[in-house]
Amino acid sequence: MPSLSLRINLDPDGRIGPGKIELLEQIAAFGSISAAARGMEMSYKHAWDLVEDMNRVFGKPLVAAQTGGRKGGGAQLTAVGLAVVSRFRAIERAAAAAAATHMEALQAEIDAG
Numbered sequence: 197m198p199s200l201s202l203r204i205n206l207d208p209d210g211r212i213g214p215g216k217i218e219l220l221e222q223i224a225a226f227g228s229i230s231a232a233a234r235g236m237e238m239s240y241k242h243a244w245d246l247v248e249d250m251n252r253v254f255g256k257p258l259v260a261a262q263t264g265g266r267k268g269g270g271a272q273l274t275a276v277g278l279a280v281v282s283r284f285r286a287i288e289r290a291a292a293a294a295a296a297t298h299m300e301a302l303q304a305e306i307d308a309g
């Protein structure tokens, strides 16, 4: 069955898609940018750059990070970060529902071969 992948272009020059949303979800789950990066097999620098880009685009932090020390650092999503994840997933569900009939028709064309 075909699948739908959603990427949203944001004004003026930002984008958000499944990778950035997954990163936010992983940060929420692990409480750590570095653990989220490891789980997604990306460098900490790349993960941090993505977080900084999202913060820039939205004009406020999506992730609140505490620097490391003897007890280690940590990170959690802000209220804005949680809202962005929730809204993206809702848009994704709505788009998939709206496209379901057309996706099935595409698969039928493939199956008819």
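When we follow our numbering, the leftmost residue of the sequence shown carries the number 197, and every step to the right adds one. Glycine included, each C-beta is placed from N, C-alpha and C at the ideal position.
- Pairing Leu202 with Gly210 gives a Cβ-Cβ distance that is not under 8 Å.
- If you look at Leu278, you'll find it in the alpha helix (DSSP H) that goes 275 to 308.
- Ranked by Cα distance from Lys256, the options Tyr240, Gly269, Gly277 are led by Gly277.
- In the structure shown, Leu220 falls within a helical segment according to DSSP collapsed to helix, strand and coil.
- With a 10 Å radius around the Cβ and a threshold of 16 neighbouring Cβ atoms, Ser239 comes out exposed.
- By the C-beta density criterion, Ser228 is buried, having at least 16 other C-beta atoms within 10 angstroms.
- Counting the other CB atoms within 10 Å of its CB gives Leu220 a total of 16 or more, which places it among the buried residues.
- According to the DSSP secondary-structure assignment, Ile212 is paired through a beta bridge with Ile204.
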